[in-house]
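Numbering (our numbering), first residue to last: 134 to 1098.
Below is the structure:
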């Protein structure tokens, strides 16, 4: 180091000392400014501007063309950590390459999403990996390791996990509270985050919009109490967009933005994503919080230090030493091959009756040597759909294109199955799409955008008009009454900011989709309108109106339209299917419609339009396979199609990958990462986060699933044998063999589950402990070995606030899915016997119940602690009803004589032992607010060990119950 070189530039010093030096050189104003997502440059020190946040869920998103890999739920379906690590490497390499030519591209990547896929109606199902915490953490760890790189000091990119915590609903997502009991918190929701963070390749987390136990995630005490205890590395906590303002504006949790911003920073938020690129409001709030004494300089320094730690690890201050500084690999042949490999490995064969697949057989009379004649039909047969977190496609392969390439265009017939319609006005005219010779091939988002929600629709094309003939439009009904209309040139009807309707969009999309409409039937508005319809634009809520200037949407004077169907999609499908050797019906969803960020689904059912197409195909030809391309599971009739496949939207190589699997070039080996339920009746409430009490996911579900967790078939067959387990002091070594008994090489995903034989508390029916995807040539055998830590068999003991391995037998189950168990063995590790709750010494935290009826957990104070309150059974939000709490095996000692409760609100409490009558009654006088707890004491006589039942009545919040002798 020279005399002119400051220590923070000295690469020989540890990062911590360099950060100390840099912090000391920064003024308070400069440090405060860094706390916004878009931190400005500090020119006097030669420090560049820095942005937290670059979306990279399954490829570099929002910044223009990039390699697009399968959706995250598809990567989860591969059950292949090595593959997913390589995908992470490719994504981070392209991030570096793109940044070298566009400094808008950030290196702090907001990925992966580790929210568990607890509920299949969640709108963001596509973003997660699995309903299982073990599988989720395994895939997330692989992806973060790929994103991070393998240099010991410098990181290729800095991944941030989303979305902390217990976030599975878009409905009221910024105001709803997830009630998460301690066992669910520790055994389920925290696990995926914890195991990924402990693996050492995570730079931070992003809190979710929702509340947990009555407290917004952006002021969660778990950030300090849990997250930051899992690693010695500095973890950067980045707020979600607009969430800091939500603390006041929508959640009304704090009275002022200064108080809210200070609380978030003190809880552990280090970077505030709010007001777009304008950091002035956040800076003003922090400065005012400092002036009011809500924050200190030390609080600012702690947050800035964590941000600088990430920047140093990214090599910003050591450009000559940064091993990733010259990364140039972008859209390489290797990346294209990897995209295809990932798409192939994500395909799940759900059913294959009669060996319909692979497509090698033809009907009688087909000339020898010719391949099968294939009819590929359906709304997604010639689509390569993207989602909100996709990049722009450089390459594109639809199922139709893949089948053309693999089998030859002369062997493939196509029918999309759309309805062809005209929209007629009451005066005899028809809506018409004007000719636009200069429409071009403009693709939404191709130029990249820091916030694609701000991208505007096209206004350079003429709006729709009316004439005598009109334009025949392709109508697609996506379900729940949501429609899109497509012009003959392939562009969708869309509404721009000026309100005019144009055929201008390459695909439905955007933060607010402007390409969807609803037909409202006669009489839906006052006065009715005969046999016609009003066409309401979903994005604006306005109605289509024909004006002198063209067709637009407006609040007044809607035009009554008659829908004239000129051709039905099912007729075209039946015609194509009748002459084929095999029919492939490609169905599924558009990731921007009916189930996406901001919008949950309302049903598992496949939309009626697509069910009609499937029925038409099957009626014309029983050799029909259903190919579901979707972001989430469906409830379908499995008895109909001869074969069923599922794949998430597979990215740029989806069509090629699908064709290779259908042809048998690759044997399918994807496995379901979540349960497929048979009907909506099997689902819990969307806001019921109690997976234990609600018997949710494969872990606890007691019904019969449509397709179970881990399910997936193969073109080969596999035999399992020789399960053996040897228990040591800290782990169990488990081995078994897998043999490919088929006549084709294939992958198998061997799965190892466990369960206690005689649990003392509700435990999973079976729980994934380990898995491995292996490739086996025909006839080959391999031995698989797993070192299973005994801690994997523990549960959270609410009686003592710790994890505990219960003594007794544990079944180890090896097989091909959670319901396809081939081998079992029992081990008997030493555990810790249960002990009664020492309630005389410690009392009871109200939230540490064993069982409950009609309660929700809420915040004891705005900073920390829990309380329990009666709740609505459907919304799980606090209300003044009657509820019950149960605490098992409470030791009252030789003579407990009184009970004291800490409680707020008003109502009554009754305490009873075992199944007996109430022995204590406490009337709670109204307190001054939900956080104004009071102590109320009553006589209470008990001795020995008993179950304790507490009945709560009224809008009260019970925090603690204590006993004295």
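Yeah, the Cβ is synthetic: ideal placement off N, Cα and C, and Gly gets one too.
Classify residue 698: buried if its beta carbon has 16 or more other beta carbons within 10 angstroms, exposed otherwise. Position 565 of the chain shown, counted from the first residue, corresponds to residue 698. Classification for residue 698: exposed.
Please tell me whether residue 677 and residue 632 are closer than 8 angstroms, where the distance is taken between their beta carbons. What you label residue 677 is simply residue 544 of the chain shown in a count that begins at 1. What you label residue 632 is simply residue 499 of the chain shown in a count that begins at 1. No. Outside cutoff.
Tell me which same chain residues have a C-beta within less than 8 angstroms of the C-beta of residue 227, skipping the five on either side of it? Working through the chain shown from its first residue, we reach residue 227 at position 94. Cβ neighbours of residue 227 beyond the five flanking positions: 192, 193, 199, 200, 462, 463, 464 and 468.
Return the first residue and the last residue of the beta strand (DSSP E) that residue 625 is part of. Start at 1 with the first residue of the chain shown, and residue 625 comes out as number 492. Run containing residue 625: 625-628, per the beta strand (DSSP E) assignment.
Own chain residues within Cβ distance below 8 angstroms of residue 1091, not counting five before or after: Reading the chain shown from its first residue, position 958 is the one you call residue 1091. When the five nearest sequence neighbours on each side are left out, the beta carbons in the same chain lying within less than 8 angstroms of the beta carbon of residue 1091 are those of 979, 1000, 1001, 1002, 1018, 1034, 1035, 1036, 1042, 1083 and 1085, in order along the chain.
Beta-carbon gap between residue 973 and residue 1049 smaller than 8 angstroms: Within the chain shown, numbered from 1, the residue matching residue 973 stands at position 840. Within the chain shown, numbered from 1, the residue matching residue 1049 stands at position 916. No, these two residues do not count as a Cβ contact at 8 angstroms.
As assigned by DSSP and simplified to three states, the class of residue 676: Taking the chain shown and counting its residues from 1, the one referred to as residue 676 is at position 543. Strand.
For residue 830, is the classification buried or exposed, using 16 other Cβ atoms within 10 angstroms of its Cβ as the cut-off for buried? For the purposes of this step, residue 830 is identified with residue 697 of the chain shown, where counting begins at 1. Counting other Cβ atoms within 10 Å of its Cβ, residue 830 reaches 16 or more and is therefore classed as buried.
So for residue 837, helix, strand or coil by DSSP? As a working note, residue 837 is residue 704 in the chain shown. In the structure shown, residue 837 sits in coil (DSSP, three-state: anything other than H, G, I, E or B).
Assign residue 690 to one of two classes, buried (16 or more other C-beta atoms within 10 Å of its C-beta) or exposed (fewer than that). Counting from 1 along the chain shown, the entry for residue 690 is found at position 557. Its Cβ having fewer than 16 others within 10 Å, residue 690 is exposed.
Can you check which of these residues, 393, 440, 407 and 806, is closest to residue 423 by C-alpha distance? Here residue 423 refers to the residue found at position 290 when the chain shown is read from its first residue. The option with the nearest alpha carbon to residue 423 is 393.
Compare the Cα-Cα distances from residue 968 to each of 704, 706 and 1078 and report the closest residue. Here residue 968 refers to the residue found at position 835 when the chain shown is read from its first residue. Distance check between residue 968 and each of 704, 706 and 1078 places 1078 closest, using alpha-carbon atoms only.
Between the CA atoms of residue 232 and residue 139 - distance to the nearest angstrom: As a working mapping, residue 139 is identified with position 6 in the chain shown. As a working mapping, residue 232 is identified with position 99 in the chain shown. If you take the alpha carbons of residue 139 and residue 232, they lie about 27 angstroms apart.
Keeping to the same chain, check which residues put their C-beta closer than 8 angstroms to that of residue 993; ignore five residues upstream and five downstream. For the purposes of this step, residue 993 is identified with residue 860 of the chain shown, where counting begins at 1. Within the same chain, and ignoring the five residues on either side of residue 993 in sequence, the residues whose Cβ sits closer than 8 angstroms to its Cβ are 999, 1000, 1064, 1066, 1090 and 1092.
Should residue 587 go down as buried or exposed, given a rule of 16 or more other Cβ atoms within 10 Å for buried? In the chain shown, residue 587 corresponds to position 454, counting from 1. It is exposed - the Cβ of residue 587 has fewer than 16 other Cβ atoms within 10 Å.
Taking residue 152 and residue 484 to be in contact with their CB atoms under 8 angstroms, please state how far apart those CB atoms are, rounded to whole angstroms. Sequence index remark: in the chain shown, residue 152 carries index 19 (1-based). Sequence index remark: in the chain shown, residue 484 carries index 351 (1-based). Contact flag wrong, Cβ pair sits at about 57 angstroms.
With DSSP collapsed to three states, give me the class of residue 359. Numbered from 1 along the chain shown, position 226 holds the residue referred to as residue 359. Residue 359: coil per DSSP, three-state reduction.
Would you mind reading off the limits of the alpha helix (DSSP H) that contains residue 276? If you number the chain shown from 1, residue 276 lands on position 143. Looking at the DSSP string, the run of the alpha helix (DSSP H) that includes residue 276 is 266-281.
Spell out whether any CB of chain D is found under 8 angstroms from the CB atom of residue 324. Judged by its chain identifiers, the structure shown contains no chain D, having just a single protein chain.
Three-state class that DSSP yields for residue 537 in the structure shown: Within the chain shown, numbered from 1, the residue matching residue 537 stands at position 404. Helix at residue 537.
Quick check on the burial criterion: 16 or more other C-beta atoms within 10 angstroms. Buried or exposed for residue 1102? Any question about residue 1102 goes unanswered here, given that the chain covers just 134 to 1098.
Closest by CA to residue 359, which one among 207, 284, 298 and 473? Within the chain shown, residue 359 is the residue found at index 226, counting from 1. Minimum Cα-Cα distance from residue 359 among the listed residues 207, 284, 298 and 473 corresponds to 298.
Per DSSP, what are the beta-bridge partners of residue 171 in this structure? Numbered from its first residue, the chain shown carries residue 171 at position 38. When DSSP reads this structure, residue 171 sits in a beta bridge with 184.
7 angstroms CB neighbourhood of residue 174 in its chain, flanking five on each side removed: The residue labelled residue 174 in the question sits at position 41 within the chain shown. A distance below 7 angstroms between beta-carbons, with the five flanking residues on each side excluded, links residue 174 to the following residues of its chain, in chain order: 180, 181 and 182.
Let me know if residue 518 comes out buried or exposed under the rule of 16 or more other beta-carbons within 10 Å of its beta-carbon. Here residue 518 is taken as the residue at index 385 of the chain shown, counted from 1. So residue 518 counts as buried.
Straight-line Cα distance separating residue 265 from residue 215: Residue numbering aside, residue 215 sits at position 82 when the chain shown is read from its first letter. Residue numbering aside, residue 265 sits at position 132 when the chain shown is read from its first letter. So the two alpha carbons sit approximately 19 angstroms from each other.
From the DSSP output, in three-state form, read off residue 1093 for me. For this step, residue 1093 is matched to residue 960 along the chain shown. If DSSP states are grouped into helix, strand and coil, residue 1093 belongs with the strands.
Using the Cα positions of residue 482 and residue 846, report the straight-line distance between them to the nearest angstrom. Here the question's residue 482 lines up with position 349 in the chain shown. Here the question's residue 846 lines up with position 713 in the chain shown. Straight-line measurement puts the Cα of residue 846 at about 5 angstroms from the Cα of residue 482.
Write down the C-beta distance between residue 457 and residue 287 rounded to the nearest angstrom, noting that I regard them as a contact closer than 8 angstroms. Counting from 1 along the chain shown, the entry for residue 457 is found at position 324. Counting from 1 along the chain shown, the entry for residue 287 is found at position 154. Sure, about 7 angstroms apart at Cβ, within 8 angstroms.
Alpha carbon of residue 246 to alpha carbon of residue 262, nearest angstrom: Numbered from its first residue, the chain shown carries residue 246 at position 113. Numbered from its first residue, the chain shown carries residue 262 at position 129. One C-alpha to the other measures close to 8 angstroms.
Can you name the residues that DSSP bridges to residue 404? Walking along the chain shown from the start, residue 404 turns up at place 271. Residue pairing for residue 404: DSSP places it in a beta bridge opposite 371.
What are the start and end residues of the beta strand (DSSP E) that includes residue 901? Taking the chain shown and counting its residues from 1, one reaches residue 901 at position 768. For residue 901, the enclosing beta strand (DSSP E) starts and ends at 900-909.
Only counting runs of 3 or more residues, tell me where the beta strand (DSSP E) segments fall wholly within the region 436-495, in order along the chain. Look at the region 436-495 and you find these whole runs of beta strand (DSSP E), each 3 residues long or longer: 481-485.
Same chain, Cβ closer than 7 angstroms to residue 794, neighbours up to 5 away in sequence not counted: Numbered from 1 along the chain shown, position 661 holds the residue referred to as residue 794. For residue 794, where only same-chain residues beyond five positions count, the Cβ hits under 7 angstroms are 477, 480 and 801.
Residue 568 burial status per 10 Å Cβ neighbour count (16 or more: buried): Counting from 1 along the chain shown, the entry for residue 568 is found at position 435. So residue 568 ends up on the exposed side.
Between residue 838 and residue 809, is the Cβ-Cβ spacing less than 8 angstroms? The residue labelled residue 838 in the question sits at position 705 within the chain shown. The residue labelled residue 809 in the question sits at position 676 within the chain shown. Yes, these two residues count as a Cβ contact at 8 angstroms.
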